[in-house]
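To start, the structure under review is shown below, and the notes come after it.
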Amino acid sequence: DAGITQSPRYKITETGRQVTLMCHQTWSHSYMFWYRQDLGHGLRLIYYSAAADITDKGEVPDGYVVSRSKTENFPLTLESATRSQTSVYFCASRSAGGYEQYFGPGTRLTVT
Amino acid sequence: DAKTTQPNSMESNEEEPVHLPCNHSTISGTDYIHWYRQLPSQGPEYVIHGLTSNVNNRMASLAIAEDRKSSTLILHRATLRDAAVYYCILRDGTGANSKLTFGKGITLSVRP
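Taken in order, these protein sequences are the chains called A and B.
Those letters in the first sequence? Residues 99 to 210, per the numbering used here, in order.
Those letters in the second sequence? Residues 6 to 117, per the numbering used here, in order.
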């Protein structure tokens with residue numbers, strides 16, 4: 099299917115475990131983004147990528163790792179999950195010269 | 006990044022026009038005004054954007070004050086499906102790496 103997809107849509111994990119959230123887009127957009135959304139904070143940018151192999155920190159990068167070996171994929175890894183990382187995570191993409199950012203459906207992550 | 010100020014919430018009646026205000030008194034000359042909305046349990050979606058002139062598209066209209074220190078998103082005939090959180094965001098148009106910074110937005114409720 100065309101568009102931007104995230105997997106899994108729901109995930110429960112335990113404190114200290116490593117978990118990877120996947121993001122895939124079919125438009126070959128240069129830019130990809132990871133946000134988290136918590137009650138009372140709105141969406142906050144975790145990491146973003148301007149192209150394959152180019153990534154940069156956003157507002158709240160601590161505890162997260164990203165990679166981008168292919169243009170269409172932008173996985174987000176929590177190396178050692180903490181309860182404070184319980185959140186809804188949104189991936190987004192945008193073309194290099196574009197103004198519209200497209201968001202995925204989100205992954206709801208619970209860390210117990 | 007320049008900040009925006011929006012009311013926390015607003016109510017409207019179905020099939021009536023809705024005017025959602027946004028203040029951005031510290032806007033710079035290269036900042037575009039973007040509006041996104043987030044329906045319940047979904048990722049944000051683009052609504053409209055503009056720089057100086059008023060803009061119309063199939064979803065909404067954007068009215069920008071002459072001094073650009075405020076703007077108004079206009080939904081011409083609200084439907085129940087328009088109940089969402091609406092975000093007013095400034096984005097620097099000069100940098101390809103410029104990012105969207107989300108505030109808390111305004112929660113729009115639509116009464117049948």
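Glycine included, C-beta positions come from ideal geometry on N, C-alpha and C.
Residue i vs residue j beta-carbon contact at 7 Å
i      : j      : result
A/S126 : A/T169 : yes
A/I102 : A/Q123 : yes
B/G98  : B/Y37  : yes
B/T9   : B/H29  : yes
B/C93  : B/Q11  : yes
A/A190 : A/F201 : yes
A/P159 : B/G48  : no
B/E20  : B/P117 : no
B/R59  : B/A68  : Strictly speaking, residue 59 of chain B in this sequence is Asn, with Arg absent from that position. Yes, the Cβ-Cβ distance between B/N59 and B/A68 is below 7 Å.
A/L176 : B/F107 : no
A/S193 : A/R166 : no
Where residue i sits in the DSSP three-state scheme
i      : result
A/S182 : helix
A/D136 : strand
B/R86  : helix
A/S165 : coil
A/S194 : According to the sequence as given, residue 194 of chain A is Ala; it is not Ser. Of the three classes helix, strand and coil, the one that applies to A/A194 here is coil, per DSSP.
Closer than 7 Å to chain B by CB, residue i
i      : result
A/G161 : no
A/G101 : no
A/Y197 : yes
Same chain, Cβ closer than 6 Å to residue i, neighbours up to 5 away in sequence not counted
i      : result
A/L119 : L174, Y187 and T205
A/T111 : V117, A179 and V209
A/A149 : S128
B/S75  : N28
B/R73  : I32
Same chain, Cβ closer than 8 Å to residue i, five either side skipped, listed in chain order
i     : result
B/M15 : V23, L25, I111, T112, L113 and S114
Neighbour flag for residue i against chain A, beta carbons, 7 Å
i     : result
B/Y91 : no
B/G55 : no
8 Å contact criterion, which residue i and residue j should meet: CB distance rounded
i      : j      : result
B/V52  : B/L78  : 7 Å
A/G161 : A/Q135 : So it is not a contact: roughly 16 Å between Cβ atoms.
Close Cβ partners of residue i (< 7 Å) along its chain, the five nearest in sequence each way excluded
i      : result
B/D87  : L80, L113 and V115
A/V163 : T175 and E177
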